[in-house]
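Structure record follows, encoded as structure tokens.
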Amino acid sequence: PHVGDVRGLGLMCAVEFVKDRATKEEFPSAENIGARIHAATQERGMFTRLRGDVYCIAPPIISPYETLDEIAAILKESIETVLC
14 PHVGDVRGLG
24 LMCAVEFVKD
34 RATKEEFPSA
44 ENIGARIHAA
54 TQERGMFTRL
64 RGDVYCIAPP
74 IISPYETLDE
84 IAAILKESIE
94 TVLC
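Residue 14 is where the sequence shown starts when you use the working numbering, and the numbers rise one by one after that.
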């Protein structure tokens, strides 16, 4: 419910987190949603890039499917930890 947009090219993608999906209302900056999700993924061993509340993922193009599945699982778990 808090993903406002997903955009990408190849394996590079960005997930934008918003307070309200319908209106694209952003979270108040004081809530640090992006930074909190980023910290949660780092705690689980995933290191990526963050731009505000936009989470950027760019795994190596030769990543095996298992790694991509692990990236998705870590991000999902981290989002649930922070937003649920």
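We put the CB at the ideal spot given by N, CA and C, even for glycine. Nothing here was measured: the structure is a model prediction, and the numbers come from that model.
The beta strand (DSSP E) with Arg62 in it runs from where to where?
-> Taking the sequence shown and counting its residues from 1, one reaches residue 62 at position 49. 62-64 is the extent of the beta strand (DSSP E) around Arg62.
Quick one: what does DSSP say Arg49 is sitting in, helix, strand or coil?
-> By one-based count along the sequence shown, residue 49 stands at place 36. In the structure shown, Arg49 falls within a helical segment according to DSSP collapsed to helix, strand and coil.
Could you tell me which of Leu24, Lys32, Thr61, Tyr68 sits nearest to Glu44, measuring between CA atoms?
-> If you number the sequence shown from 1, residue 44 lands on position 31. The option with the nearest alpha carbon to Glu44 is Lys32.
Quick one: grab the DSSP three-state call for Leu96.
-> For the purposes of this step, residue 96 is taken as the residue at position 83 of the sequence shown. Residue state, collapsed to three classes: helix.
Using a Cβ-Cβ cut-off of 8 Å (strictly less than) and excluding sequence neighbours within five positions of Leu81, which residues of its own chain qualify?
-> Within the sequence shown, the letter at position 68 stands for residue 81. Once the five neighbours on either side are set aside, the close Cβ partners of Leu81 are Leu24, Pro72.
Check whether the region 47-65 touches the region 89-96, counting contact only when three or more Cβ pairs, one atom from each stretch, lie closer than 8 Å.
-> By the Cβ rule, the region 47-65 counts as touching the region 89-96, because three or more pairs are nearer than 8 Å.
In whole angstroms, what separates the C-alpha of Arg57 from that of Val19?
-> In the sequence shown, counting from the first residue as 1, residue 57 sits at position 44. In the sequence shown, counting from the first residue as 1, residue 19 sits at position 6. Distance between the alpha carbons of Arg57 and Val19 is about 22 Å.
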